[in-house]
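S.K.: After the structure tokens below, expect a handful of questions from me.
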Amino acid sequence: MAYAGKSPWVIHYDGSSCNGCDIEVLATLCPGFDGERFGVINTGNPKHADIFLVTGSVNEQNIDVVRQIYDQMIEPKVVVACGICACSGGIFHDCYNVIGGVDQAIPVDVYAPGCAVRPETLIDAIVAGVAVLDEKAEKLKAEKKGRA
Amino acid sequence: MGKSTVIPFGPQHPVLPEPLHLDLVVQDETVIDVLPQIGFVHRGLEKLVETRDYNQFIFVAERICGICAMGHSLGYAETVEELMGIEVPTRAEYLRVIWHELSRIHSHLLWLGLAADAFGFESMFMHCWRLRERILDIFEKTTGGRVILSVVRVGGVARDIEDSELAAICSVLDGIKSEYKEITDTLLTDMSVKNRTVGVGTLTHEQAVDLSMVGPFARASNVSYDVRSFGRGAYGALSDFQPIVDAQGDCYARVKVRCLEVLQSIQIIQELAGKIPQGDIAVKVKGNPDPGARAANVLEQPRGECYYYAQGNGTKFLERMRMRTPTSQNLAGMVEALKGCDLADVNMVILTIDPCISCTER
Ligand code: SF4
Numbered sequence: 352m353a354y355a356g357k358s359p360w361v362i363h364y365d366g367s368s369c370n371g372c373d374i375e376v377l378a379t380l381c382p383g384f385d386g387e388r389f390g391v392i393n394t395g396n397p398k399h400a401d402i403f404l405v406t407g408s409v410n411e412q413n414i415d416v417v418r419q420i421y422d423q424m425i426e427p428k429v430v431v432a433c434g435i436c437a438c439s440g441g442i443f444h445d446c447y448n449v450i451g452g453v454d455q456a457i458p459v460d461v462y463a464p465g466c467a468v469r470p471e472t473l474i475d476a477i478v479a480g481v482a483v484l485d486e487k488a489e490k491l492k493a494e495k496k497g498r499a
Numbered sequence: 019m020g021k022s023t024v025i026p027f028g029p030q031h032p033v034l035p036e037p038l039h040l041d042l043v044v045q046d047e048t049v050i051d052v053l054p055q056i057g058f059v060h061r062g063l064e065k066l067v068e069t070r071d072y073n074q075f076i077f078v079a080e081r082i083c084g085i086c087a088m089g090h091s092l093g094y095a096e097t098v099e100e101l102m103g104i105e106v107p108t109r110a111e112y113l114r115v116i117w118h119e120l121s122r123i124h125s126h127l128l129w130l131g132l133a134a135d136a137f138g139f140e141s142m143f144m145h146c147w148r149l150r151e152r153i154l155d156i157f158e159k160t161t162g163g164r165v166i167l168s169v170v171r172v173g174g175v176a177r178d179i180e181d182s183e184l185a186a187i188c189s190v191l192d193g194i195k196s197e198y199k200e201i202t203d204t205l206l207t208d209m210s211v212k213n214r215t216v217g218v219g220t221l222t223h224e225q226a227v228d229l230s231m232v233g234p235f236a237r238a239s240n241v242s243y244d245v246r247s248f249g250r251g252a253y254g255a256l257s258d259f260q261p262i263v264d265a266q267g268d269c270y271a272r273v274k275v276r277c278l279e280v281l282q283s284i285q286i287i288q289e290l291a292g293k294i295p296q297g298d299i300a301v302k303v304k305g306n307p308d309p310g311a312r313a314a315n316v317l318e319q320p321r322g323e324c325y326y327y328a329q330g331n332g333t334k335f336l337e338r339m340r341m342r343t344p345t346s347q348n349l350a351g352m353v354e355a356l357k358g359c360d361l362a363d364v365n366m367v368i369l370t371i372d373p374c375i376s377c378t379e380r
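Chains as they are written, first to last, in our numbering: chain A, 352 to 499; chain B, 19 to 380.
If you want it as structure tokens, here you go:
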């Protein structure tokens, strides 16, 4: 990837995280780390978002919400699992109400481990996510051409 | 009066960092009833005491909530220490309170930012979070973590803060004070902020007492209740401690109480940093809690009183660990405060109780 084709807009959803990762996701976009200078903008609307940042694991109650937000996003889209809870369930993996990492609900493209995930890791993960996003966009274009 | 309509709010909502679902029953633009639905963040971690021993569980207790992580590890450690009759060295008590008050500052700054964001003051959100980074830098320097600190252990703390470092912390806090004053001056005197907060979501003193509200939410309704004033641990060494209260009970009062509490915390840290005695920072913990032993404990979290209960069974695993968090108390008050408010003010009212859902659901 030479440069990003567009500014990656992100949407954040807190699965069953402990908040530790959520506040780090927000801190990544705030002064200090200032993800916004790379064009990373937080949006509340799944239809506007390219990258889905999920924190925390999935459970019976929120699995539909996670799927719904994912389905509402428009292709191409990328999912980043933020924090070890979102990657695998982490410290709560054997709790009775935890199904597991976010990949149990939706396909995950980038795993950003850490408890809590560090803003530097998140910026790295988003950059990696942008590369995946570009790849997916290319593929979509090629498919469209093939159909025409 | 028109007929009533139900508007769903959440669980994914731009002003909410956490999933909370509310069914707002509105008539015209006025909220007449609110039905909260929770359970999105429930993990069932109280049950983990069966598979993690009492020393390991402190790391789980910390992850009840990432914002009040320090408070939960402290509350848990104090409860187990009471259960087993452990005396903690004085220096460790001071260090715990210093970290706990720092985390109160970080929590309140985080909240002030989110509240400003809730009424569309996004630049203020950024300023609050910029200042908060300075507190997180202190955490990183002294503990290695930014939000999950993992410094408290049953029987003491894992790290010491050197005296030179303590002095450096005090001067950082002095520096923060002047910048913080600019923020609070704006929040408390700006006309556009007042328009959104004064007289909105009022909870009277009687309601607050009836519903047993806790924390800054109650103190803004003139309930002078703060667990810190019991003087346990290093709080007993403070020369003076008065809970900060306000009589109005509206959103503005809640913003004001939290604004002032940050300054109070800075004062507490600076006083304790000057008085801290030398000595050990931890004692060796031996044995297991006796079968049938019980201990209860309260702690003032940034959001209010949190109650802990532990029961031993003679093994290294606890029989039961239970807590009641400030938000689960305050949700009832939030529902009351929401009734009768304008649909546009719902964000503001929800945010001013500073809900912490992951604490509540665990
Ligand atoms: S990874 Fe750690 S900090 Fe993040 S949500 Fe899980 S327990 Fe909390």
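Yeah, the Cβ is synthetic: ideal placement off N, Cα and C, and Gly gets one too.
This structure is a prediction, so every number in the text was calculated from the model and none was measured.
Just the chain A side, please: which residues come within less than 9 Å of K159 of chain B by C-beta, in chain order?
M.R.: Near K159 of chain B there are no residues of chain A at all, since even the closest Cβ is about 15 Å away, more than 9 Å.
S.K.: Does the beta carbon of R321 of chain B come closer than 8 Å to any beta carbon on chain A?
M.R.: Output row for R321 of chain B: interface = no.
S.K.: Identify the continuous alpha helix (DSSP H) that holds T406 of chain A and give its terminal residues.
M.R.: Note, T406 of chain A: premise wrong, no alpha helix (DSSP H); beta strand (DSSP E) at I402 to T406.
S.K.: Classify H90 of chain B: buried if its beta carbon has 16 or more other beta carbons within 10 angstroms, exposed otherwise.
M.R.: Buried, because 16 or more other Cβ atoms sit within 10 Å of the Cβ of H90 of chain B.
S.K.: The beta strand (DSSP E) with L317 of chain B in it runs from where to where?
M.R.: That run of the beta strand (DSSP E) goes R312 to Q319.
S.K.: Helix, strand or coil for E337 of chain B? Go by DSSP, reduced to three states.
M.R.: It is a strand residue.
S.K.: Using a cut-off of 8 Å between C-beta atoms, extract the partners of W147 of chain B located in chain A.
M.R.: Ordered by position in chain A, the residues that pass the 8 Å Cβ test against W147 of chain B are L377, A378, C381, P382 and G383.
S.K.: Rank A:H363, A:V430, A:D365 and A:G434 by C-alpha distance to the C-alpha of T472 of chain A and give the top, closest one.
M.R.: Checking every option, the nearest Cα to that of T472 of chain A belongs to A:G434.
S.K.: Quick one, are the C-beta atoms of C277 of chain B and T370 of chain B less than 8 Å apart?
M.R.: Not in contact: C277 of chain B and T370 of chain B (Cβ atoms no closer than 8 Å).
S.K.: Find the nearest neighbour of A313 of chain B within the set B:S141, B:E99 and B:E119, judged by alpha-carbon distance.
M.R.: Among B:S141, B:E99 and B:E119, the Cα nearest to that of A313 of chain B is on B:E99.
S.K.: With a 10 Å radius around its C-beta and 16 neighbouring C-beta atoms as the bar for buried, classify L307 of chain B as buried or exposed.
M.R.: Note that residue 307 of chain B is Pro in the sequence shown here, rather than Leu. Classification of P307 of chain B: buried, given that the 10 Å Cβ count is 16 or more.
S.K.: Can you check the stretch 408-455 of chain A for any alpha helix (DSSP H) of at least 4 residues that lies completely inside it and give the ranges in chain order?
M.R.: Correct list: 414-423 and 435-439.
S.K.: Would you mind telling me which residues of chain B sit closer than 7 Å to G326 of chain A, beta carbon to beta carbon, in chain order?
M.R.: In the structure as shown, chain A starts at 352 and stops at 499, and residue 326 of chain A therefore has no counterpart that could be examined.
S.K.: Relative to the alpha-carbon of H363 of chain A, which residue among B:F27, B:E36, B:I104 and B:E96 has its alpha-carbon at the smallest distance?
M.R.: Checking every option, the nearest Cα to that of H363 of chain A belongs to B:E36.
S.K.: Take G173 of chain B and list the residues in its own chain whose beta-carbon comes closer than 6 Å to its own, dropping the five residues that flank it on each side.
M.R.: Cβ neighbours of G173 of chain B beyond the five flanking positions: I104, A300, V301 and V303.
S.K.: Assess, as a yes-or-no matter, whether the stretch 478-486 of chain A is touched by the stretch 443-453 of chain A under the definition of 3 or more beta carbon pairs within less than 8 Å.
M.R.: These segments do not touch.
S.K.: Let me know the secondary structure DSSP gives I371 of chain B once reduced to three states.
M.R.: Three-state DSSP puts I371 of chain B in coil, outside helix and strand.
S.K.: Which one of B:L149, B:L167, B:E180 and B:S22 has the shortest CA to CA distance from D298 of chain B?
M.R.: Closest by alpha carbon: B:E180.
S.K.: What is the rounded straight-line gap between the Cα of A252 of chain B and the Cα of Y243 of chain B?
M.R.: Roughly 18 Å separates the two Cα atoms.
S.K.: Using a Cβ cut-off of 7 Å, pull out every chain B residue sitting near F443 of chain A, in sequence order please.
M.R.: Chain B residues near F443 of chain A: R61 and L63.
S.K.: What's the call for A353 of chain A, buried or exposed, on a 16-neighbour Cβ count within 10 Å?
M.R.: Bear in mind that a pLDDT of 49 at A353 of chain A, under 50, signals an unreliable position, so the number given afterwards is only what the model happens to contain. The residue is exposed, with fewer than 16 neighbouring Cβ atoms inside 10 Å.
S.K.: Can you give me the start and stop residues for the beta strand (DSSP E) that E49 of chain B sits inside?
M.R.: Strictly speaking, residue 49 of chain B in this sequence is Val, with Glu absent from that position. Segment T48 to Q55, the beta strand (DSSP E) holding V49 of chain B.
S.K.: Please decide whether R171 of chain B counts as near chain A, where near means a Cβ-Cβ distance under 8 Å.
M.R.: Judged by the 8 Å Cβ criterion, R171 of chain B is not in contact with chain A.
S.K.: Might you give, ordered along the chain, the residues of its own chain that have their beta carbon closer than 8 Å to the beta carbon of V417 of chain A, omitting 5 neighbours on each side?
M.R.: Counting only Cβ-Cβ distances below 8 Å, and skipping sequence neighbours, we find Y364, G366, V405, V409, V453, A456 and I457.
S.K.: Can you tell me whether DSSP reads Q285 of chain B as helix, strand or coil?
M.R.: It is helical.
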